[in-house]
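Asker: Here it is, the structure, as structure tokens.
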Amino acid sequence: MAARLSVNGKTHSIDVDEDTPLLWIVRDIVGLTGTKFGCGAAQCGACTVHIDGVAHRSCVTPISAVGDRAVTTIEHLESSPVGRALQKAWLDEEVVQCGYCQSGQLMQAAALLAARPSPSDEDIDQAMSGNICRCGTYGRIRTAIKKAAANARGGAA
Amino acid sequence: MATSVPTASRRAFLGGSAALAGELVIGFGLGAPAWAAGAGEFRPNAFLRLEASGAITVTIPSAEMGQGAVTGLAQLVAEELEVPVERIRTELAPGDDVVYANPLLGGQITGGSASVRGGWKQLRGAGAAARTVLIEAAARQWSVPADSCRAEAGEVVHAASGRRLAYAKLVDAASKLPLPKEPKLKTGALSVIGKPVARLDTPAKVNGTAKFGIDVSLPGMRHAAVANCPIIGGKLEGVDEAPALAVKGVRQVVKLDNAVAVIADHGGAARKGLAALSPRWSGSEAHSTATMVAAYDAAMERKGLVAERKGDAAQAMAAAPAKFEAMYRLPMLAHVALEPINCTVSVKPDWCELWLGSQVPGRARRAAAEAAGLPLDKVKVNSFLIGGGFGRKLEVDFVPQAVAIGKAVGAPVKIIWGRDEDIRNDAFRYHNHSRVRVGLDAQGMPVSWDHKLVAPGVMFRFLPSFTKDGVDLDDIDDAATPYTIPNMLVEYVREEPPKGLLAGNWRGVGATRNAVIVEGVIDELAHRAKRDPLEYRRALIDRSSRLGRVLDRVADEAGWGRQLPPGHGRGIAIVSAFGSHIGMVAEVALDPKGAVTVTKMTCAIDTGYVVNPTIVRQQIEGGIVFGLGAVLYGEVTVARGRVQQTNYHDCRVLRLNETPEIHVALVDSTEDPGGVGEPGTALVAPAVLNAIRAAGGPRLTSLPLPPAMVHRA
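Protein chains in written order, with this note's numbering: chain F, 1415 to 1571; chain X, 5 to 717.
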């Protein structure tokens, strides 16, 4: 199918089978490689992007399901105050080790804060436990989300 | 260019701190520029490049897989070069087993928690050599003695006259001066080493711009998805290519001896094409976890090699008034790093180039040269960030496959294994079995320790210098315990896995295999002697040793002895490994049905001079999470000749909601740095199993926990 796909505010003409996962289109055709392949089965969260602001696993999201909705990837996270607050908190708290999962972690956290600006520990458990980090940065992720939430609420970002 | 590789110190991979052999490091590869310097450049060695523009580039010999090597090693150079670390640009070294060999390991290997240990004198020496020459260049220009000048913040300063010259202005003059043979390292206070310098690699990792091997893009590049033979050691019999070729975007199907690859315009089409195929495989279906465990049980009855001996364990055992025996069986484990195996290649008749993240890029280069039938100087390996290594990317098993596919395609091609392929074709931490027999005195203290173990002997293949007289020194690491027991025997039986199944290194290597056994047995002895496990250990260790002090420190940090609610328990464990001394206390809660929740992990580590405390903490925290996943879930099984696990649902790892509070205490020390990437992992299982016992649960002698004992969050 020929489709028009909006990624980070730019429209791309794509000609692929309609069941092609968004992940491969974003990475291999649009050329934005910040979104990662980890499992291909919505089990690890490394491929998390936003579709109209909601977190989706792009590895199991066929292009046909995206339609004319807006896709946002990690490369565009800094365009929102919450995104910038998260990035800053991630660096301030030294969350990152290998970094491979962190695009997905950040996109998932951004969707969480958009829905719940003051998340509880349970909210964080609920929202973030689908994102695997093999380096084990979970404790710092939790701290950084709380810090980013506080900063975003306070307008510090 | 340096042409000789220093001999690996035998125990460096394992971490005997006495064997760090730092002296041989200074001067290695530093005596002459490794590369011809261009105009306007000063390249005192293979690690450092100063340009007239002011740019300072450090080539990082180690892989960056999250362990912080880029930052830690840049700190070492910055300290000696006297520049702010944030002025340094870093690049990852290309594959070269000579120029970029880790001096402790004898090859370009990022493993054994040895990046900072290997770089401690090498990279400091690289910076010191440059500093010495820059000072000399300025002194000549000013016609003053060199020792009246000093380096400071990227400038040479002549204090008496107040003159200053930026390094950038000295690059040309410095590049014409001889290099010191033995550059003098700074003495006295250090200003960059020891500071929690912000990591240099992470800003690019929070905005999607960091490039891992899997992110490479080349003009005209194709995308390959691969199915490896699912039967261990099996072959591809045949495949009808048509269903894949019918998929839009698929260009080609490549058949190999034991795999089939689908080549397409993008990864989505390649994977769809692969899924459409029905390859016919052949191979022996005889192997299973049951047969592999039975082989290890049988091997335990064979006579082994004496690996370590002190006193006469047999005689002491015979004379002992009481005896204890335990049998441990540990499972096969996968790494499941989040970035799956991938490799991008361009294979031409006279040139082969690779783009990948590897813990052994020099070996990847050799493997590619062999597969391509080209001399080494016609092969280039471009290094990228690694999305989790943990030992998996110490192997290059996938490189010949990538080269074969690249040859068949005739264009640059990126090979990515799906998660199922990554798990089924891992370089597994293989089974190991241990039988420990202890002779006890009337007070229940050990007088003899007889530890017989069966293990796969990975080092015979991976690093033969870490074997001795038929014994894999990694397999027996820590098997003799750190305790003062008068009679000791470690007996070693090597039993390799079935042909076609690759056994490799898994975070923590030998220490992770043996600490759970040693610390489990010692802990059980304490319980049987009705003594506090901490006090029991104290009675068996030199309290003034580094490990003895770590034992005290971790007990303090964890509030050992403080009252816990019913059903809760604390477990303690210690080990010396990778040049570090570490202690851990786990706190667990058992629910009425016996299901375990790990509530808190406390660690104290004496890792010598801490180069970057933030990174040390990160590594310990991460090592604990990694180890905890294995305690709760880690087990790869084989049935009908096939590895059964395929993704994170049946090869589970720890998730955020399962992660306990983690507290890490760093012991002040001025000893040379030890390793920190792996020791954290080694103690998780013993600390948790000991805590389960203390909480009133069973003494477990196998892993992972039985499913009924894992609390579902």
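We put the beta carbon where it would ideally sit given N, CA and C, even for glycine.
So what does DSSP say about T1447 (chain F), is it helix, strand or coil?
Answerer: The answer is coil: DSSP assigns T1447 (chain F) none of H, G, I, E or B.
Asker: Across the region 604-611 of chain X and the region 667-677 of chain X, are there enough close Cβ pairs to call them in contact, namely three or more that are closer than 8 Å?
Answerer: The region 604-611 of chain X, when compared against the region 667-677 of chain X, does touch it at the 8 Å Cβ threshold.
Asker: Taking 8 Å as the cut-off, decide whether the C-beta atoms of V264 (chain X) and E425 (chain X) are in contact.
Answerer: Contact: no.
Asker: Helix, strand or coil for G42 (chain X) per DSSP?
Answerer: G42 (chain X) falls in the coil class under three-state DSSP.
Asker: M69 (chain X) touches chain F at which residues, Cβ-Cβ below 7 Å?
Answerer: C1512, listed in chain order.
Asker: Would a check of beta-carbon distances place C1581 (chain F) closer than 8 Å to chain X?
Answerer: This structure cannot settle anything about residue 1581 (chain F), because the visible part of chain F is limited to 1415 through 1571.
Asker: Check whether the Cβ atoms of D401 (chain X) and L240 (chain X) lie closer than 8 Å to each other.
Answerer: No.
Asker: Could you give the DSSP three-state label for D1442 (chain F): helix, strand or coil?
Answerer: Here D1442 (chain F) sits in helix by DSSP.
Asker: The beta strand (DSSP E) with T136 (chain X) in it runs from where to where?
Answerer: From DSSP, T136 (chain X) is part of no beta strand (DSSP E) but of the alpha helix (DSSP H) over S119 to W146.
Asker: In whole angstroms, what is the alpha-carbon distance linking E1507 (chain F) and G684 (chain X)?
Answerer: Cα-Cα distance, rounded: 20 Å.
Asker: At least one CB of chain F closer than 8 Å to the CB of F630 (chain X): is that the case?
Answerer: It does: the Cβ of F630 (chain X) has a partner Cβ on chain F nearer than 8 Å.
Asker: Answer yes or no: does any C-beta atom of chain F fall closer than 8 Å to that of A397 (chain X)?
Answerer: Checking the sequence shown, residue 397 (chain X) turns out to be Lys, not Ala. So, not an interface residue.
Asker: Output the distance between the C-alpha atoms of T1447 (chain F) and A1541 (chain F), rounded to the nearest integer angstrom.
Answerer: If you take the alpha carbons of T1447 (chain F) and A1541 (chain F), they lie about 24 Å apart.
Asker: Checking contacts by CB at 8 Å: is N49 (chain X) closer than that to chain F?
Answerer: It does not; no Cβ of chain F falls within 8 Å.
Asker: Take N232 (chain X) as the anchor and find which of X:A250, X:K259, X:R226 and X:G224 has the nearest alpha-carbon.
Answerer: Per the Cα distances, X:K259.
Asker: Opposite L169 (chain X) in the DSSP bridges: which residues?
Answerer: Looking at the DSSP assignment, L169 (chain X) forms a beta bridge with X:V160.
Asker: From L1436 (chain F) to P1476 (chain F), what distance separates their C-alpha atoms?
Answerer: One C-alpha to the other measures close to 6 Å.
Asker: For A1416 (chain F), which residues in chain X fall below 7 Å Cβ to Cβ?
Answerer: Those do not exist, as A1416 (chain F) stays about 11 Å from chain X at its closest Cβ, beyond 7 Å.
Asker: Along the region 420-432 of chain X, where does the CB come closer than 9 Å to a CB of chain F? Name the residues.
Answerer: Going along the region 420-432 of chain X in chain order, one finds I420, G422, R423 and D424 with a Cβ nearer than 9 Å to chain F.
Asker: Since I believe G391 (chain X) is in contact with C1512 (chain F) (beta carbons under 8 Å), could you give me their beta-carbon distance rounded to a whole number of angstroms?
Answerer: Confirmed, about 5 Å.
Asker: Counting only beta-carbon atoms, is V340 (chain X) nearer than 8 Å to chain F?
Answerer: Closer than 8 Å: yes.
Asker: With C-beta atoms as the reference, is M331 (chain X) less than 8 Å away from R439 (chain X)?
Answerer: Contact flag set, yes.
Asker: If the cut-off is 7 Å on Cβ atoms, which residues from the region 1472-1505 of chain F count as contacting chain X, listed in chain order?
Answerer: From the region 1472-1505 of chain F, only T1487, I1488, E1489, L1491, E1492, Q1501, W1504 and L1505 have a Cβ closer than 7 Å to chain X.
Asker: Is the beta carbon of T94 (chain X) closer than 8 Å to that of A118 (chain X)?
Answerer: Against a cut-off of 8 Å, the Cβ pair of T94 (chain X) and A118 (chain X) comes out as no contact.
Asker: Quick check: what's the CA-CA separation for V763 (chain X) versus A577 (chain X)?
Answerer: This structure leaves residue 763 (chain X) out entirely; chain X is present only between 5 and 717.
Asker: I'd like the ranges of any beta strand (DSSP E) spanning at least 3 consecutive residues and lying wholly in the region 425-483 of chain X.
Answerer: With a minimum length of 3 residues, the continuous beta strand (DSSP E) runs that stay inside the region 425-483 of chain X are 436-444 and 450-459.
Asker: In the structure shown, what three-state DSSP assignment does G1518 (chain F) receive?
Answerer: Three-state DSSP puts G1518 (chain F) in a helix.
Asker: Considering only their Cβ atoms, is the gap separating V579 (chain X) from D482 (chain X) smaller than 8 Å?
Answerer: The answer is yes: Cβ separation under 8 Å.
Asker: Check distances from the C-beta atoms of the region 1433-1454 of chain F to those of chain X and list, in chain order, the residues that come in under 8 Å.
Answerer: Cβ contacts with chain X: D1433, T1434, P1435, L1437, W1438, I1439, R1441, D1442, I1443, G1445, L1446, T1447, G1448, T1449, K1450, F1451, G1452, C1453 and G1454.
Asker: What three-state label does DSSP hand M304 (chain X) in the structure shown?
Answerer: The answer is helix: DSSP assigns M304 (chain X) an H, G or I state.
Asker: Is it the case that the Cβ atoms of E45 (chain X) and S179 (chain X) are separated by a distance below 8 Å?
Answerer: Closer than 8 Å, so yes.
Asker: Which residue or residues does DSSP assign as beta-bridge partners of F216 (chain X)?
Answerer: According to DSSP, which records beta bridges pairwise, F216 (chain X) is partnered with X:L389.
Asker: Name, please, each residue of chain F whose Cβ falls closer than 8 Å to the Cβ of L660 (chain X).
Answerer: Per Cβ cutoff of 8 Å: I1538, D1539, M1542, S1543, N1545, C1547, Y1552, I1555 and R1556.
Asker: Could you tell me the distance, in whole angstroms, from the CA atom of I30 (chain X) to the CA atom of A1558 (chain F)?
Answerer: The pLDDT assigned to I30 (chain X) is 28, lower than 50, so where the model puts this residue is not dependable; a value taken from the coordinates is nonetheless given after this. The straight-line gap from Cα to Cα measures roughly 41 Å.
Asker: Using a Cβ cut-off of 8 Å (strictly closer), state whether P37 (chain X) contacts chain F.
Answerer: Its pLDDT being 45, under 50, P37 (chain X) is placed unreliably by the model, and the measurement read from it follows with that caveat. P37 (chain X) does not count as touching chain F.
Asker: Give the straight-line distance between the Cα atoms of G626 (chain X) and A1562 (chain F), rounded to the nearest whole angstrom.
Answerer: Distance between the alpha carbons of G626 (chain X) and A1562 (chain F) is about 22 Å.
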